[in-house]
Amino acid sequence: MSNSSVDHHHPSVVSAHSYQTEFPSEATSSSTLTGSADVESQYLTFSGFAQGILAPWQDPTGNEDWSPVAVTSSSIVDQQISPFADSVPLSSSPDTVHPRIFAITPVIERGVALFITHLYPTYPLLDQQALQSLLSETRDLDRSESTLLWSICAFALVSIDHWPTLDTDKRAVACKKYIRRCHDARLAADYVEEATFYDVLASLFISVAYFELKCRKASWFYLREAITLSHAADLLDTNYTSDPAEKLRHQRTFALLYITERGACTLNNFPVSISLPPGLPTDALPDEDPSIIFGLSKLYHLFSLLDSNFVRLWNDTGLSSATAQKENELSTLQGHLREPLDMRHVSDIQRANVLVTQQWLRLIFWQSALKLSMVTSTASDSAFTYEYPIEIATSLCEVVKSLPPVAIQAHGLGIFEKQFEIAYSLLDALTLCGYSKKARHYETLRYLLLSLSASPSSRQVYVRTLERKMGQSDDRSGGEHKYLRLAGVELLQDEPGSRLTSRRQSVWDTNARPTNEPRSQATCTAETLIGPMRAP
0 MSNSSVDHHH PSVVSAHSYQ TEFPSEATSS STLTGSADVE SQYLTFSGFA QGILAPWQDP
60 TGNEDWSPVA VTSSSIVDQQ ISPFADSVPL SSSPDTVHPR IFAITPVIER GVALFITHLY
120 PTYPLLDQQA LQSLLSETRD LDRSESTLLW SICAFALVSI DHWPTLDTDK RAVACKKYIR
180 RCHDARLAAD YVEEATFYDV LASLFISVAY FELKCRKASW FYLREAITLS HAADLLDTNY
240 TSDPAEKLRH QRTFALLYIT ERGACTLNNF PVSISLPPGL PTDALPDEDP SIIFGLSKLY
300 HLFSLLDSNF VRLWNDTGLS SATAQKENEL STLQGHLREP LDMRHVSDIQ RANVLVTQQW
360 LRLIFWQSAL KLSMVTSTAS DSAFTYEYPI EIATSLCEVV KSLPPVAIQA HGLGIFEKQF
420 EIAYSLLDAL TLCGYSKKAR HYETLRYLLL SLSASPSSRQ VYVRTLERKM GQSDDRSGGE
480 HKYLRLAGVE LLQDEPGSRL TSRRQSVWDT NARPTNEPRS QATCTAETLI GPMRAP
């Protein structure tokens, strides 16, 4: 063992040459350690101590301790379950020395490349040249730089399908591996007191990765951590940096945190911490495609409609009463969302996010009106009728047909969940109307199912949930009873023993989630699901 590998701060080290530690043998007690002639025989060498005492003991978790210079050392468990080998394999010999520095691997390089190509338009927060330069650094990367690269890799693994040799399960395992590395690195440092811009981004990317892994509470936790770290890192302090580009990235980051939190609040009824919309400059960064800020501004404008008053209404679990003011506000919002958006200078990836979100918000505001008992069969404004989800779904189909599939898939599960919400409410609305009206909308339903079948994760969760719901609807269609819930709101008294769950419960009820993977061919899946709903 070389001298450089010795921990000179450890109290047991007494000599840099002998590596001896004071540990009496079993044959003698501490009271007999008096004679100088017997001292050597009463001490174990460091090698002997490691082989005799440390070797039999193992961490029950199977994980090795992380140190600031060991940021990429994998545990034995990691090496067994991971398809990658980012570090030198561990040896059973205590005297074997391995390099313990951050390693740039092909997996990390590919993850960064996929992020820049497919995810940067949605998350235009990093200096692309600075990010790529981290991959060619000869120096050891610090903690925040390392965790940033790992979080980007984890994000790309579960968000982008362009990993030819890895199936969905292997990518999920690898994603968790890189998230664990981020956690281990942070445990070795006071990253809250020393928070940096990169730490904020790492928490944001970990949050989105957990969302893709269908870990909603973990995703929410790290989103709130990113918001908290943004304050700790002084991202909102306009005097923190004199670099205009860096200041712009800070402002964009906080605006995206606001957008992400508002979306999570609406999808999962979580509370919000950013009460007011932050400012978002419309300036483009140096050497950046101007279409990026155009698309981000459109998305920011849409989520700004979800103000604090709406959030309180949406998360109110008690009975709310309708007022003329609330009805006028919702009518005005629906009017804004009906207007076509100018997307001439926006990329396909951002256009997909903005236009699908626009239709989803129309549904959200309609559901708010439903909660307030504003929706009727005879309303003059279609936004307050039971058939409004059919109109929304029709508009969504037009949006999806106008987009290349890759533009939708670049956004991961988030954009598919918005489509699912609309498709689910479409089924509710179709069940309330007669078969004569249903027949006109088979193509709309079929196309939404095809779109939802494009992603394996979406097929597993959303398509199968719709399949179960369509079976329930078909069972009821021949009887005298109506489907009694619309967007989770009870409309009529249900019969005792009827099995009917709300929209949100059915999506995330793990006991009801199917265990078999749905058909791999999207067209066959959609046609199979549509079949039972046809009129006899």
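For the sequence shown, the positions run 0 to 535 when numbering that gives the first Met the number 0 is used.
We put the beta carbon where it would ideally sit given N, CA and C, even for glycine.
* To do: Would you mind giving the Cβ-Cβ distance between residue 145 and residue 184, rounded to the nearest angstrom? I have them listed as a contact below 8 Å.
  => Indeed, because the Cβ distance is near 6 Å, the residues count as touching under 8 Å.
* Asked: Along the chain, which unbroken stretches of the alpha helix (DSSP H) at least 4 residues long are found entirely within the segment 105 to 168?
  -> Correct list: 105 to 113, 127 to 133 and 142 to 158.
* Asked: Excluding sequence positions up to five away, which residues of its chain have a Cβ less than 7 Å from the Cβ of residue 404?
  -> Non-local beta-carbon contacts of residue 404 in its own chain, meaning distances under 7 Å to residues more than five positions away in sequence, involve 453 in chain order.
* **Beta-carbon proximity check, residue 139 vs residue 101, cutoff 8 Å** => Residue 101 is positioned such that its CB atom lies closer than 8 Å to that of residue 139.
* To do: Count the C-beta pairs between the segment 198 to 213 and the segment 151 to 164 that are closer than 8 Å, then say yes if the count reaches three, no if not.
  => As far as the Cβ criterion goes, the segment 198 to 213 touches the segment 151 to 164, which means the pair count is three or higher.
* Simplified DSSP state of residue 252, which is helix, strand or coil -> Taken through DSSP and simplified to helix, strand or coil, residue 252 comes out as helix.
* Asked: Smallest Cα separation from residue 314: which of 370, 400 and 159?
  -> Minimum Cα distance to residue 314 is reached at 370.
* From residue 288 to residue 279, what does the alpha carbon distance come to, in whole angstroms? -> Going by the C-alpha atoms only, they are around 17 Å apart.
* Asked: Are the beta-carbon atoms of residue 312 and residue 124 separated by less than 8 Å?
  -> Against a cut-off of 8 Å, the Cβ pair of residue 124 and residue 312 comes out as no contact.
* To do: May I ask you to list the residues that DSSP assigns as paired with residue 384?
  => DSSP output for residue 384 lists 375 as bridge partner(s).
* Asked: What is the rounded straight-line gap between the Cα of residue 359 and the Cα of residue 464?
  -> Approximately 18 Å, taken between the alpha carbons.
* Can the beta-carbon of residue 229 be found less than 8 Å from the beta-carbon of residue 252? -> Residue 252 sits close to residue 229, with the two beta carbons spaced by under 8 Å.
* Asked: alpha helix (DSSP H) containing residue 237: first to last residue?
  -> Where residue 237 is concerned, there is no enclosing alpha helix (DSSP H), given that its DSSP letter is neither H nor E.
* Could you please give the first and the last residue of the uninterrupted alpha helix (DSSP H) stretch that includes residue 206? => DSSP places residue 206 inside the alpha helix (DSSP H), whose first and last residues are 196 to 211.
* Where residue 292 falls: helix, strand or coil (DSSP) -> Helix.
* For residue 384 versus residue 394, is the C-beta spacing smaller than 8 Å? -> No, they are not a contact pair.
* What is the residue span of the alpha helix (DSSP H) that residue 427 lies within? -> Element bounds for residue 427: 412 to 431.
* Does the distance from the C-beta atom of residue 257 to that of residue 273 stay below 8 Å? -> Yes, Cβ-Cβ distance for residue 257 and residue 273 is below 8 Å.
* Asked: CA-CA distance, residue 333 and residue 391?
  -> Whole-angstrom Cα-Cα distance: 11 Å.
* By DSSP, does residue 356 sit in helix, in strand, or in coil? -> Helix, per DSSP.
* Does the separation of the CB atoms of residue 362 and residue 421 fall below 8 Å? -> Yes; because the gap between Cβ atoms is below 8 Å, this pair is in contact.
* Tell me which same chain residues have a C-beta within less than 8 Å of the C-beta of residue 219, skipping the five on either side of it? -> Counting only Cβ-Cβ distances below 8 Å, and skipping sequence neighbours, we find 206, 263, 267 and 269.
* Asked: Cα separation between residue 396 and residue 387?
  -> When rounded, the distance between both Cα atoms is 14 Å.
* Identity of the residue in 303, 307, 305 and 246 nearest residue 282 by Cα -> Put simply, of 303, 307, 305 and 246 the residue whose alpha carbon is nearest the alpha carbon of residue 282 is 246.
* Taking the continuous alpha helix (DSSP H) assigned at residue 335, which residues delimit it? -> Looking at the DSSP string, the run of the alpha helix (DSSP H) that includes residue 335 is 323 to 337.
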